[in-house]
Amino acid sequence: MGLKSLAGAVAALIGAVLHPAGASLHAQEGPREIVFRDVRVFDGTSDKLSGATTVVVRGNTIAAIGAEAGPQGEDPVIIEGRGRTLMPGMIDNHVHMMFNSLSPAQMAAPDMGLEKIMQLSAGQAQAMLLRGFTAVRDVGGPSFELKRLIDSGKIRGPRIWPSGPMISQTSGHADLRGPTEPSRRFSGKMSKAEEVWASVIADGRDEVLTAVRENLRMGASQIKIAAGGGTSSEYDPLDVTQYTLDEMKAAVDAAGDWNTYVTVHAYHPKSVRRAIEAGVKVIEHGNLLDEPTLKLMADKGIWLSGQMLVESTEAMDPKRREKRKPVIEGQKIVWPIAKRLGVKLAWGTDFLFEPDLNAQQNAYILRLKPFFTPAELLRLVTSQNAELLALSGPRTPYQGKLGVVAEGALADLILVEGDPLANIDLIGDPARNFAVIVKDGVIVKGGKP
Numbered sequence: 300m301g302l303k304s305l306a307g308a309v310a311a312l313i314g315a316v317l318h319p320a321g322a323s324l325h326a327q328e329g330p331r332e333i334v335f336r337d338v339r340v341f342d343g344t345s346d347k348l349s350g351a352t353t354v355v356v357r358g359n360t361i362a363a364i365g366a367e368a369g370p371q372g373e374d375p376v377i378i379e380g381r382g383r384t385l386m387p388g389m390i391d392n393h394v395h396m397m398f399n400s401l402s403p404a405q406m407a408a409p410d411m412g413l414e415k416i417m418q419l420s421a422g423q424a425q426a427m428l429l430r431g432f433t434a435v436r437d438v439g440g441p442s443f444e445l446k447r448l449i450d451s452g453k454i455r456g457p458r459i460w461p462s463g464p465m466i467s468q469t470s471g472h473a474d475l476r477g478p479t480e481p482s483r484r485f486s487g488k489m490s491k492a493e494e495v496w497a498s499v500i501a502d503g504r505d506e507v508l509t510a511v512r513e514n515l516r517m518g519a520s521q522i523k524i525a526a527g528g529g530t531s532s533e534y535d536p537l538d539v540t541q542y543t544l545d546e547m548k549a550a551v552d553a554a555g556d557w558n559t560y561v562t563v564h565a566y567h568p569k570s571v572r573r574a575i576e577a578g579v580k581v582i583e584h585g586n587l588l589d590e591p592t593l594k595l596m597a598d599k600g601i602w603l604s605g606q607m608l609v610e611s612t613e614a615m616d617p618k619r620r621e622k623r624k625p626v627i628e629g630q631k632i633v634w635p636i637a638k639r640l641g642v643k644l645a646w647g648t649d650f651l652f653e654p655d656l657n658a659q660q661n662a663y664i665l666r667l668k669p670f671f672t673p674a675e676l677l678r679l680v681t682s683q684n685a686e687l688l689a690l691s692g693p694r695t696p697y698q699g700k701l702g703v704v705a706e707g708a709l710a711d712l713i714l715v716e717g718d719p720l721a722n723i724d725l726i727g728d729p730a731r732n733f734a735v736i737v738k739d740g741v742i743v744k745g746g747k748p
């Protein structure tokens, strides 16, 4: 089944997702004027909250902020803030929307196809939105149709910046073939992972150009390639460098012709330095980087999109647990050095094939508390992550400013019970502490029906 033909079939299968049970969830049918009265605003960039004020949403944008602001149309939704905090919707900069709901066994099942993956992913997309994540950058997987269903209102979920399937060399981080699956080049047969657009194996400049252009043709807002070894992949040791300089440049050239950028999966200095030489603008992970390489990134304005992972989970096999040990140790070192050097920082979770982790998405932000103040953390998951999303330029799928509470910005908002600048732990329990969530001017939690 092709990606575009999935929409009708999947939408019919997931009716429960469209109108889920739960007394705390009320969704508008469409945008109505919303007035938040007596709120204190974290605007996404400041170190402190505003005084008590009013914020008015009209259509999908923030129309007015100020004590004198008020509704202009009929039948507005009035939300009494009672001094609570209004902040921007949060952004997760590193997700895999189509694979965060699957275990490795499910992914490998003979009957697992795009339709089943879509069913599972739709429920996870809505749960993510209700955790306060109104926008995400998908850095690997066939999320194009999920994005279309969300954008059309058939499924609830965050805005998605899709990369399409991750592009990998043979034996690279996204070579997801099983042990008996031969190379497509020699057998003429696509691997199971390639059939469901989990990844694309491309070797040599010509294949890389084709793979990048195919993702852009399908609607990618940026391109993701694997430039080094990984911890969740079977065939590549952590220390290896992937893709030659010429191959990397091919990806950058093709993305640049479409006025967007390439981000790379990489941990160690050699692969990162090669990527920078090729013109890559964003590094995912970077847990094993040394100070000279981080200084180079700071000097050149290269983004570091980092995570703060746990050492192991129940679902993790012993080999993977052992392989990721240096990555876990390195992340404690890299974050504070990168911050001190002034590297452009973004944050994401990177949950993959471990569905039980999804509910901890907010808690993973709090794992950075040793390195950042509450205001720095809130900026990281709002305005800073939004700044990275904007690197997609004209390939950005949503017009308007995100990550801030400002007049003219897109109306993605969270009303928090309390002051997260005084108690950052509030964002770790969204079910209890996020009283109202608005995405694109529509109330998706709280407020009035």
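Residue numbers for the sequence shown follow the working numbering, so the first one is 300 and each next one is one higher.
In this text, a Cβ means the ideal position worked out from N, Cα and C, and glycines have one as well.
- Within the same chain, and ignoring the five residues on either side of E332 in sequence, the residues whose Cβ sits closer than 6 Å to its Cβ are R357, P370, G372, P375.
- For K347, the closest C-alpha among the options A674, L712, V715 is that of A674.
- Taking a contact as a CB-CB distance under 8 Å, the pair F733 and G431 counts as one, their CB atoms being some 5 Å apart.
- Scanning H567, D589, T562, L587 for the CA closest to the CA of A577 turns up T562.
- Counting the other CB atoms within 10 Å of its CB gives T592 a total of 16 or more, which places it among the buried residues.
- Beta-carbon to beta-carbon, H393 and G647 are separated by about 3 Å, close enough to satisfy the 8 Å threshold.
- Residue environment: T672 is assigned as exposed (fewer than 16 neighbouring CB atoms within 10 Å of its CB, all protein chains considered).
- DSSP, reduced to helix, strand and coil, places V704 outside both helices and strands of the structure shown, so it counts as coil.
- Between G605 and V633, the beta carbon gap of about 7 Å places them in contact (Cβ cut-off 8 Å).
- Secondary structure note for D337: its beta strand (DSSP E) is the uninterrupted segment 333-340.
- If only uninterrupted alpha helix (DSSP H) runs of at least 4 residues are considered, those enclosed by the segment 660-721 are 660-665, 673-678, 684-688.
- Scanning the segment 579-658 from its first residue to its last, the whole alpha helix (DSSP H) runs of 4-plus residues come out as 590-599, 617-622, 624-640.
- Under the three-state reduction of DSSP, A408 is assigned to coil, being neither helix nor strand.
- Secondary structure of V737 (DSSP, three-state): strand.
- The Cβ-Cβ distance between T352 and A366 falls below 8 Å.
- Contact between I361 and A710 holds: their C-beta atoms lie close to 5 Å from each other, under 8 Å.
- In this chain, the beta strand (DSSP E) harbouring A525 covers 522-525.
- In the DSSP annotation of this structure, the continuous segment of the beta strand (DSSP E) that includes F432 starts and ends at 432-437.
- Using a 10 angstroms sphere on the CB of A708, the tally of other CB atoms reaches 16 or more, which defines it as buried.
- The closest CA to that of W557, considering only D649, S442, K624, T695, is found on T695.
- Secondary structure remark: continuous beta strand (DSSP E) runs of at least 3 residues inside the segment 339-419, in chain order: 352-357, 360-364, 376-379, 384-387, 389-394.
- Sequence-distant partners of L544 (beyond 5 residues in either direction) whose C-beta falls short of 7 Å from its own C-beta, in its chain, are R573, E576, A577.
- Secondary structure of V507 (DSSP, three-state): helix.
- Ranked by Cα distance from R516, the first of S462, K491, G487, L714 is S462.
- Between L595 and Y566, the C-beta spacing is not below 8 Å.
- In this structure, the CA atom of V704 is about 7 Å from the CA atom of F341.
- Around the CB of I377, fewer than 16 other CB atoms lie within 10 Å, so the residue is classed as exposed.
- In this structure, the beta-carbon distance from L665 to G727 falls below 8 Å.
- By the Cβ-count criterion, G528 is buried, with 16 or more other Cβ atoms from all chains shown falling within 10 Å of its own Cβ.
- Residue pairing of A565 in beta bridges, as defined by DSSP: H584.
- The segment 534-554 and the segment 502-517 touch, with no fewer than 3 CB-CB distances between them shorter than 8 Å.
- With a cutoff of 8 Å on beta-carbon distance, S442 and I466 are scored as not near each other.
- For T433, the CB contacts under 6 Å within the same chain, skipping 5 residues up- and downstream, are G388, P457, D711, K738 in chain order.
- Per DSSP, the unbroken alpha helix (DSSP H) holding S486 starts and ends at 483-486.
- Residue pairing for I459: DSSP places it in a beta bridge opposite V435.
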